[in-house]
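Worksheet: one structure, shown below.
2 protein chains.
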Amino acid sequence: MTRSEKKAQLPSGDSPKGRTRIQREKRELILQAALEVFAASGFRGATLDQIAEAAKMSKPNLLYYYSRKEDIHRTLIARLMETWLDPLKSLKASGEPVEEICAYINRKLEMARDFPRESRLFANEILQGAPHIIDMLEGELKELVDEKALVIKGWMRDGKLNECDPHHLLFAIWATTQHYADFDVQVRAVLGPEKSGEERFEAAAKFLENLFCKGLKPKAQAPGSQLSGQSG
Amino acid sequence: MTRSEKKAQLPSGDSPKGRTRIQREKRELILQAALEVFAASGFRGATLDQIAEAAKMSKPNLLYYYSRKEDIHRTLIARLMETWLDPLKSLKASGEPVEEICAYINRKLEMARDFPRESRLFANEILQGAPHIIDMLEGELKELVDEKALVIKGWMRDGKLNECDPHHLLFAIWATTQHYADFDVQVRAVLGPEKSGEERFEAAAKFLENLFCKGLKPKAQAPGSQLSGQSG
DNA sequence: CCAGTTTTTGACCAATTGATAAAATATTAG
DNA sequence: CTAATATTTTATCAATTGGTCAAAAACTGG
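As they're listed, the protein sequences go chains F and V. Add 25 to the 1-based position in the first sequence for our numbering, that's all there is to it. Add 25 to the 1-based position in the second sequence for our numbering, that's all there is to it.
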């Protein structure tokens with residue numbers, strides 16, 4: 026047992042990434058396959074057979090890398106969460122308010138465009154009552170949102186933004202941007218087949234910027250003048 | 026066989042509502058239970074056992090009324106669709122534009138508040154690729170939306186509304202209102218437990234009216250003057 | 001090449017799933 | 001009450017599900 030540290034290293038979930046090259050690759054392959062399946066059917070609706078088939082491996086082989094269905098799901102959710110809150114974290118109090126919010130909207134919209142499966146995975150989780158992430162929602166997310174809500178409130182007090190409830194503003198941004206990932210089928214159906222994906226998201230970006238910024242900017246700026254003299 | 030029309034009337038799905046009182050009541054009971062379960066777990070994730078338990082009857086008994094899981098789901102979706110498009114249908118070209126749109130937003134928000142399970146049922150269906158309603162989305166829904174988009178376009182040409190893409194406007198209204206039903210768990214988690222349901226929806230209504238209408242109204246109306254003289 | 005390790009496979013399992021058949025019970029019409 | 005009908009229950013089924021096990025195969029460092 027002189028080399029006990031090299032013996033029987035099962036790829037358990039707690040190891041950072043997996044010891045061998047094959048483990049890293051296969052695990053990633055499984056996660057991608059599972060992301061597809063979980064996003065389309067939710068946790069309960071997804072089956073290991075589906076995931077195994079999508080990953081082009083046998084079910085026992087899959088279970089060699091993730092010994093439980095829930096482990097796969099948990100890993101996906103955890104990885105998603107790492108990046109999901111990032112755009113909001115980037116909202117800088119020191120920036121120009123309208124620009125910051127527009128940038129946030131655009132980043133969220135880009136995520137809906139580039140990571141629709143992640144968005145649907147999240148949507149499924151929330152729809153099902155968020156059993157796996159309710160703690161994070163009530164903890165980390167709430168804290169982050171409350172913090173940023175204060176920043177936005179501050180902008181409003183300074184007259185840089187129209188008064189409105191910052192929490193609901195964030196909800197509206199989440200809803201409108203994620204809609205293009207989560208309700209993609211409906212959006213496509215309504216817009217018709219002629220519009221390409223790029224066109225859809227370009228039009229969406231333009232619309233959302235107009236909706237939020239025209240609504241948020243202090244009103245009554247005549248064309249040409251930067252800021253109105255409206256006091257209050 | 027003089028009375029063949031009265032013989033062996035199994036409560037098949039195509040009959041209008043069911044012949045007997047019990048059939049009507051039990052079928053309704055099942056639908057309510059199934060709505061709960063399908064909304065929470067999606068079609069694949071929902072099980073007949075769950076539905077039967079929620080309806081407080083045995084599984085074979087349940088299957089006596091709906092002989093297939095899919096029949097229950099189909100019935101729920103069909104019933105939902107009847108009422109789902111109603112608010113949009115009520116958007117009257119003859120009405121005052123901003124008022125019409127605000128009324129639409131409010132009706133949609135009320136539906137999210139009063140029928141969250143229906144909203145989640147719909148969200149689940151769309152998330153899973155809308156396998157059961159894709160035809161309606163590409164047919165009836167698209168036609169209705171295109172028609173109302175023309176109405177809105179007309180309002181914009183008349184200068185009654187800010188220019189924007191009417192399709193994306195509708196998407197934004199759907200997304201923001203349904204968000205309060207579909208992402209209810211997240212909304213609650215972020216707002217904290219102190220806010221009651223009524224408070225949440227009141228604040229949401231106020232915020233959305235402000236967001237959409239301030240953004241939609243032709244700008245630059247100074248307090249007191251009805252319409253700006255901005256030409257072009 | 002070889003021993004040790006990692007990966008893959010095929011055969012299996014118990015539990016759950018959607019669904020059926022028939023007997024037993026309740027309801028209703030005459 | 002009685003007979004026909006409608007409803008419920010019990011027992012059961014085949015398929016699917018998440019998961020196990022041991023053996024086989026492939027890969028690794030020496």
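Where a beta carbon is used, it is the ideal one built from N, C-alpha and C, also for glycine.
Should residue i be labelled buried (16 or more other beta-carbon atoms within 10 Å of its own) or exposed?
i, result
"P112(F)", "buried"
"I130(V)", "buried"
"E223(F)", "exposed"
"R49(V)", "exposed"
"P85(V)", "exposed"
"P122(F)", "buried"
"A118(V)", "exposed"
"K133(F)", "buried"
"I198(F)", "buried"
"T201(F)", "buried"
"S221(V)", "exposed"
"A155(F)", "buried"
Under the three-state reduction of DSSP, which class applies to residue i: helix, strand or coil?
i, result
"R44(V)", "coil"
"S119(V)", "coil"
"N235(F)", "helix"
"S144(F)", "helix"
"G38(V)", "With a pLDDT of 44 at G38(V), under the threshold of 50, the modelled position of this residue cannot be trusted; read the value that follows with caution. Three-state DSSP puts G38(V) in coil, outside helix and strand."
"E188(F)", "coil"
"A71(V)", "coil"
"Y91(F)", "coil"
"F226(V)", "helix"
"E61(V)", "helix"
"K51(V)", "helix"
"S66(F)", "helix"
"E219(V)", "coil"
Name the chain F residues that come within less than 9 Å of residue i, Cβ to Cβ?
i, result
"L137(V)", "Note that residue 137(V) corresponds to Ala in the displayed sequence, not to Leu. Within chain F, no residue comes near A137(V); the closest Cβ sits about 11 Å away, beyond 9 Å."
"G217(V)", "E163, K167 and D171"
"G67(V)", "S66, G67, R69, G70, N149, L152 and Q153"
Below 7 Å on C-beta distance, what does residue i contact in chain V?
i, result
"R145(F)", "L152"
"N187(F)", "K239"
"A229(F)", "H193"
"A79(F)", "The premise fails here: A79(F) is roughly 15 Å from chain V at the closest Cβ pair, so nothing lies under 7 Å."
Can you name, in chain order, every residue of its own chain whose Cβ lies under 6 Å from the Cβ of residue i, other than the five neighbours on each side?
i, result
"I258(F)", "Here chain F has residues from 26 to 257 only, and residue 258(F) is not among them."
"Q203(F)", "A137 and S144"
"L116(F)", "E125, Y129 and K173"
"F68(V)", "H98"
"A64(F)", "R142, R145 and L146"
Find the residues of chain V that neighbour residue i, judging by a C-beta separation of less than 9 Å, and give them in chain order.
i, result
"N131(F)", "Residues of chain V passing the Cβ test: none, with the nearest at roughly 15 Å."
"F226(F)", "The premise fails here: F226(F) is roughly 11 Å from chain V at the closest Cβ pair, so nothing lies under 9 Å."
"F232(F)", "C189, D190, H192, H193, L194, F196 and A197"
Excluding sequence positions up to five away, which residues of its chain have a Cβ less than 7 Å from the Cβ of residue i?
i, result
"P191(V)", "A174, I177 and K178"
"S83(F)", "A77"
"K239(V)", "none"
"E150(F)", "I102, H157 and I158"
"P141(F)", "A206 and D209"
"E188(F)", "M181"
"V212(V)", "Y205 and R225"
"K94(F)", "L73"
"K185(F)", "P122"
CB-CB under 8 Å to residue i, same chain, minus the five flanking residues each way: which ones, in chain order?
i, result
"L105(V)", "E143, L146 and F147"
"V62(F)", "A71, T72, Q75, I76 and A79"
"V170(F)", "L113, H192 and L195"
"L87(V)", "I55, L73, I76, A77 and A80"
"Q153(V)", "G67, F68 and R69"
By the DSSP assignment, the alpha helix (DSSP H) with residue i in it spans what residues?
i, result
"A80(F)", "No alpha helix (DSSP H) holds A80(F); DSSP gives it neither H nor E."
"G154(V)", "Here G154(V) belongs to no alpha helix (DSSP H), and DSSP marks it neither H nor E."
"N131(F)", "P122 to D139"
"E172(V)", "K167 to R182"
"K114(V)", "D111 to K114"
"L216(V)", "D209 to L216"
Is residue i near the ligand FMN, in the sense that its beta carbon is under 7 Å from a heavy atom of that ligand?
i, result
"I126(V)", "Inclusion of the ligand FMN in the displayed structure is not the case, the ligand content being empty and no account of it being possible."
Identify the contact partners of residue i in chain V, using a Cβ-Cβ distance below 8 Å as the criterion.
i, result
"L73(F)", "Residues of chain V passing the Cβ test: none, with the nearest at roughly 14 Å."
"A214(F)", "A155, I159, L162, E163, L166 and K167"
Name the chain F residues whose beta carbon is nearer than 7 Å to that of residue i?
i, result
"A200(V)", "A200, T201 and H204"
"F208(V)", "I151"
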